[in-house]
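Residue numbers (my numbering): 719 to 1011.
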Ligand SMILES: Cc1cc2nc3c(=O)[nH]c(=O)nc-3n(C[C@H](O)[C@H](O)[C@H](O)COP(=O)(O)O)c2cc1C
């Protein structure tokens, strides 16, 4: 449960909002979100993040235009900023804690949109007091979503394939890559995987792949892999200096998995210990394993 609501309903209710109402976020709502973020700032793989909610000034909104994010955000009244130190798993942990905040914001009735870009020297970095050893891999626009989508937004959504998700059989596998997992074999985890599938991802590439461990008949062990989009990280890094956004997507998937499982009474935790599973190609990387407690 989150804020008295089912996490499954919150995940289903979330979608990227790119047009906001002018109304500023109500003070008690801001306070609730800030309190939540400070209580949930450490990622499942141990990275401590620093999260902050800022009220968006007109200058912040203008500044977005120079930051190589795609899509056009109109009228966001707030931004959620986050910084993590350099280090292993920092992007995954960043994705997890920021998505946790996104879901909480959703439960408070706020719209959100993840924005990946080049933030290192931005006014967002300055507002957060970004340290030498820290990175600010993405920001989240927030505020009350306008009821009606602008046409331009519908077009962006269509281009990003935002309303589409890859079919189950391309995402979830039974014991090995290439062996699709049936819903029956997933058992109570079918809903958990459904909620991973609804997660946001950069350019809606959905790089998450999950394998049910074949030695665990009761579905106690699940391995998360990243299927990189050819050229995506290199192009972003080389052209735009953008963080490895597909690793952020992995953290988002870990968040949706763990929170949904927890709500269904399936308690467990993420650890990193690569299993002996053959990867289909060099673009596939092991990320982490969820084990039932
Ligand atoms: C790490 C990350 C970066 C993103 N960057 C942008 C962005 O720069 N501009 C934008 O309009 N949407 C951005 N998005 C939102 C995705 O396009 C969106 O999540 C995806 O198309 C799925 O749509 P949905 O969130 O409505 O389910 C980003 C999402 C993630 C997870």
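Ideal Cβ placement from N, Cα and C applies to all residues, glycine included.
In chain order, what residues of the same chain have a beta carbon less than 6 angstroms from the beta carbon of residue i, not counting five sequence neighbours either side?
i, result
"residue 947", "923"
"residue 1003", "944"
"residue 932", "893"
"residue 721", "825"
"residue 739", "862 and 864"
"residue 857", "797, 799, 833 and 842"
"residue 895", "998"
"residue 755", "769 and 819"
"residue 917", "970, 971 and 974"
"residue 792", "737"
"residue 993", "941"
"residue 728", "720, 821, 824 and 825"
"residue 919", "967"
"residue 977", "725"
"residue 813", "966, 969 and 970"
Can you give me the Cβ contacts of residue i inside the same chain, cut-off strictly under 8 angstroms, excluding the 5 residues immediately before and after it?
i, result
"residue 982", "906, 909 and 910"
"residue 884", "915 and 924"
"residue 951", "962, 963 and 964"
"residue 781", "840, 841 and 842"
"residue 886", "898, 899, 901, 911 and 915"
"residue 1011", "985, 986 and 987"
"residue 723", "825"
For residue i, I'd like the list of residues in its chain whose CB is within less than 7 angstroms of its CB, leaving aside the five on either flank, ordered along the chain.
i, result
"residue 1009", "938, 939, 986, 987 and 989"
"residue 766", "759 and 760"
"residue 745", "none"
"residue 991", "1007"
Among the candidates the options, whose CA atom is the shortest distance from the CA of residue i?
i, options, result
"residue 725", "826, 895, 756 and 854", "826"
"residue 846", "829, 800 and 818", "800"
"residue 904", "979, 853, 972 and 757", "979"
"residue 769", "776, 751, 779 and 781", "751"
"residue 809", "970, 994 and 996", "970"
"residue 819", "775, 835 and 732", "732"
"residue 975", "823, 849 and 817", "817"
"residue 802", "784, 822 and 837", "837"
"residue 795", "921, 742, 804 and 814", "742"
"residue 844", "790, 992, 941 and 778", "778"
"residue 921", "723, 729, 734 and 993", "734"
"residue 1005", "882, 806 and 771", "806"
"residue 891", "748, 991, 1001 and 996", "996"
"residue 889", "771, 854, 930 and 853", "930"
"residue 775", "977, 860 and 953", "860"
"residue 851", "723, 804, 926 and 928", "804"
"residue 1007", "730, 949, 928 and 814", "928"
"residue 828", "854, 813, 814 and 748", "748"
"residue 815", "763, 772 and 848", "763"
"residue 811", "855, 953 and 773", "855"
"residue 1001", "977, 926 and 934", "926"
Name the one or two DSSP bridge partners that residue i has.
i, result
"residue 833", "857"
"residue 719", "For residue 719, which the question treats as bridged, DSSP gives no partner whatsoever."
"residue 1002", "945"
"residue 790", "DSSP lists no partner for residue 790."
"residue 753", "Its beta-bridge partners do not exist; DSSP assigns none."
"residue 735", "Beta-bridge pairing links residue 735 to no other residue."
"residue 987", "1009"
"residue 939", "1009"
"residue 852", "803"
"residue 747", "According to DSSP, which records beta bridges pairwise, residue 747 is partnered with nothing at all."
"residue 766", "760"
"residue 863", "738"
Report the start-end ranges of each beta strand (DSSP E) in the segment 881-932 that is 3 residues or longer and not cut off at the edges. 890-892 and 926-930
Complete runs of the alpha helix (DSSP H) confined to the segment 770-824 [at least 4 residues]: 776-781
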